[in-house]
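A.B. asks:
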Amino acid sequence: MEPGYITGYMETPAGTIPGISTTWSIGDRMSTIRVRWSVGRMKYRVSPGIYAVGSPDPSSPVFVTANFKLTFDHVRRALADMNAWLLVLDTRGINVWCAAGKGTFSTKEITRMVNLTGLEKLVTHHKIIVPQLGAVGVSAHEVRKQTGFSVIYGPVRAADIPAFMAGGLKSSEKMRRVTFPLWERLKLIPVELANGGYYLLLVPAMFLILSGLYRWGYSTGLAFSDGLKAIVNLCTAYLAGSALTPALLPWIPFRRFSLKGLTMGWLTAILLFIIHFLGTTPVSIISWLLMIGGLSSFTAMTFTGTSTFTSLSGVQKEMKTALPVQIGMTALGVAGWLLSKFIYL
Amino acid sequence: MNGFIYLSNVTTLALDREKCNGCRMCVVVCPHEVFAIENRKATIIRKDQCMECGACALNCSENAITVKSGVGCVTGIINGLLRGTEPTCDCGGGECC
Chain A
221 MEPGYITGYM ETPAGTIPGI STTWSIGDRM STIRVRWSVG RMKYRVSPGI YAVGSPDPSS
281 PVFVTANFKL TFDHVRRALA DMNAWLLVLD TRGINVWCAA GKGTFSTKEI TRMVNLTGLE
341 KLVTHHKIIV PQLGAVGVSA HEVRKQTGFS VIYGPVRAAD IPAFMAGGLK SSEKMRRVTF
401 PLWERLKLIP VELANGGYYL LLVPAMFLIL SGLYRWGYST GLAFSDGLKA IVNLCTAYLA
461 GSALTPALLP WIPFRRFSLK GLTMGWLTAI LLFIIHFLGT TPVSIISWLL MIGGLSSFTA
521 MTFTGTSTFT SLSGVQKEMK TALPVQIGMT ALGVAGWLLS KFIYL
Chain B
22 MNGFIYLSNV TTLALDREKC NGCRMCVVVC PHEVFAIENR KATIIRKDQC MECGACALNC
82 SENAITVKSG VGCVTGIING LLRGTEPTCD CGGGECC
């Protein structure tokens, strides 16, 4: 079945080209919400190729983008009221920046698609507008050498395309800068939460079962009462690391994500302590602090990959000390927690 | 904003000003305004903001910029360690970023 964003077809010297809508249908909106929760995110793709926006002619600008549909949707919406060509590369359903990092949004892929679509038959100018973040995988001078097309880097955000066009194909400093505002961080939290995958069921189930252990054998009642508390503690630590830390990121002291996560984990642990969810004995309380700290610190640290400003060298440096500590804390915490079920210290 | 700066003195970014032709490409592609042009040549003005994405080096026609680029991602680095490869954000076909 033909995708809903295709509104018609136009005949050109380079063949029949689908025309696309610049507005989002209810279906587009619903699937945007769905992929924001990571459901079917890897299969959310557009067919690579060239598309027509409005009624483009040989002098119309050519925009290059990735074939992740969320990306494609933002670009076509930004092209409203414009006549343009949209060249969609095959990035295997990945956004521009990540695909450029992986090498699928690349000099090679641009060259392949320019040739495949017969772009030189479609436009008389020799310019293509490539999103700035694509520069991680695209070498402008190489593209020119291989295709004859000059790369002009467009703004980071698709929404700035009209301003970029009005400015004579120039991005202002602000349009070139990657930021990470609260709203963008909040939009990423659902994917962060889904990152745990099946561990999100496995680990709580294990704690539920183990909670029934005590000095004189096994108690199902204990499994439910203590198990429930254990699950609440674990979920709190997970939320502290993968939701609270991303949301409050720039305002939490420390530059290391592991320390930001540890801070949030222990802050929330204070609440759990007050309502006696950490247990009543010193061994049990310390064990939970270790487990909560280890878990929130690690999950917060994985947010480096989602964030927009961490470097490989920096993350490697952070991990070298943080990862052994996190593993040690968690292991010690689990051991102490099990011990606390048998001895009352 | 200061809340968005990662660790200091770690980046592998280096610029050979001798080779620079002042084309401004590094200024254009850098997402964190690490470069500026002074006296018709590029210069590094915000080194600690570099995230080693590699866009500047790849787009420098004079090869004046070097950086060991890669993903600043814990999951990617762990993937690399487990598979004995360089850090990679290629999660092997499954859910990915």
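Chains A and B are the protein sequences, given in the same order. In terms of this note's numbering, the first sequence opens at residue 221 and continues consecutively. In terms of this note's numbering, the second sequence opens at residue 22 and continues consecutively. C-beta atoms are modelled at their ideal positions from N, C-alpha and C, and glycine is treated no differently.
For ALA378(A), count neighbouring C-beta atoms within 10 Å of its own C-beta (all shown protein chains included) and say buried if the count is 16 or more, exposed if not.
C.D. replies: With 16 or more other Cβ atoms within 10 Å, it is buried.
A.B. asks: Measuring straight from C-alpha to C-alpha, what distance separates SER82(B) and GLY368(A)?
C.D. replies: In a straight line, the C-alpha of SER82(B) is about 16 angstroms away from that of GLY368(A).
A.B. asks: Does any residue of chain A bring its CB to less than 7 angstroms from the CB of GLY75(B)?
C.D. replies: Closer than 7 angstroms to some Cβ of chain A, the Cβ of GLY75(B) qualifies, so yes.
A.B. asks: Could you name the residues of the stretch 513 to 531 of chain A whose beta carbon sits closer than 9 angstroms to any beta carbon of chain B, in the order they occur along the chain?
C.D. replies: For the stretch 513 to 531 of chain A, which is checked against every Cβ of chain B, the residues closer than 9 angstroms are PHE518, MET521, THR522, PHE523, THR524, GLY525, THR526, SER527, THR528, PHE529, THR530, SER531.
A.B. asks: Per DSSP, which one or two residues make a beta bridge with TYR373(A)?
C.D. replies: The partner list for TYR373(A) (beta bridge, DSSP) reads VAL350(A).
A.B. asks: To the nearest angstrom, how far is it from the Cα of ILE99(B) to the Cα of ASP301(A)?
C.D. replies: Near 46 angstroms, if we compare the C-alpha coordinates of ASP301(A) and ILE99(B).
A.B. asks: For a contact meaning CB atoms closer than 9 angstroms, what does VAL376(A) contact in chain B?
C.D. replies: Within chain B, the residues near VAL376(A) are PRO52.
A.B. asks: Under 8 angstroms between beta-carbons, which chain A residues line up against PHE56(B)? List them in chain order, please.
C.D. replies: None at all; the shortest Cβ gap to chain A is about 11 angstroms.
A.B. asks: Checking the sheet assignment: what are the DSSP bridge partners for GLU176(A)?
C.D. replies: The question about residue 176(A) has no answer, for chain A in this structure spans 221 to 565.
A.B. asks: Quick one: using the 10 Å Cβ neighbour count with 16 as the cut-off for buried, is GLY247(A) buried or exposed?
C.D. replies: It counts as exposed.
A.B. asks: Does TYR225(A) come within less than 7 angstroms of chain B when only Cβ atoms are used?
C.D. replies: Chain B contact via Cβ: absent.
A.B. asks: Step through the CB atoms of chain B and report whether any lies within less than 7 angstroms of the CB of ARG475(A).
C.D. replies: Taking Cβ atoms only, chain B reaches closer than 7 angstroms to ARG475(A), which makes this a yes.
A.B. asks: Is GLU362(A) helix, strand or coil by DSSP?
C.D. replies: In the structure shown, GLU362(A) sits in a helix (DSSP, three-state: H, G or I).
A.B. asks: Ignore the nearest five residues each way along the sequence and tell me which others in GLY43(B)'s own chain have a CB closer than 8 angstroms to its CB.
C.D. replies: So the list reads ILE58, ARG61, LYS62, ALA63, once near-sequence residues are dropped.
A.B. asks: Return the first residue and the last residue of the alpha helix (DSSP H) that GLU393(A) is part of.
C.D. replies: Unbroken alpha helix (DSSP H) run through GLU393(A): 393 to 396.
A.B. asks: Against SER359(A), what residues of chain B qualify as contacts under a CB-to-CB distance less than 7 angstroms, listed in chain order?
C.D. replies: Within chain B, the residues near SER359(A) are LEU79, ASN80.
A.B. asks: Going along the chain, which residues of the stretch 259 to 283 of chain A sit with their C-beta nearer than 8 angstroms to a C-beta in chain B?
C.D. replies: Residues ARG261, MET262.
A.B. asks: Relative to chain B, which residues along the stretch 446 to 474 of chain A have a C-beta separation below 9 angstroms, given in chain order?
C.D. replies: The stretch 446 to 474 of chain A vs chain B, Cβ under 9 angstroms: LEU469, PRO470, TRP471, ILE472.
A.B. asks: Evaluate ASP277(A) with the Cβ neighbour count: other Cβ atoms within 10 Å of its Cβ, from every protein chain shown; 16 or more gives buried, anything less gives exposed.
C.D. replies: With fewer than 16 Cβ atoms within 10 Å of its Cβ, ASP277(A) is classed as exposed.
A.B. asks: Is it a yes or a no for the stretch 496 to 505 of chain A touching the stretch 65 to 76 of chain B, going by three-plus beta-carbon pairs under 8 angstroms?
C.D. replies: Because the criterion of three Cβ pairs below 8 angstroms is not met, the stretch 496 to 505 of chain A and the stretch 65 to 76 of chain B do not touch.
A.B. asks: Secondary structure at PRO276(A), three-state DSSP: helix, strand or coil?
C.D. replies: Correct three-state label for PRO276(A): coil.
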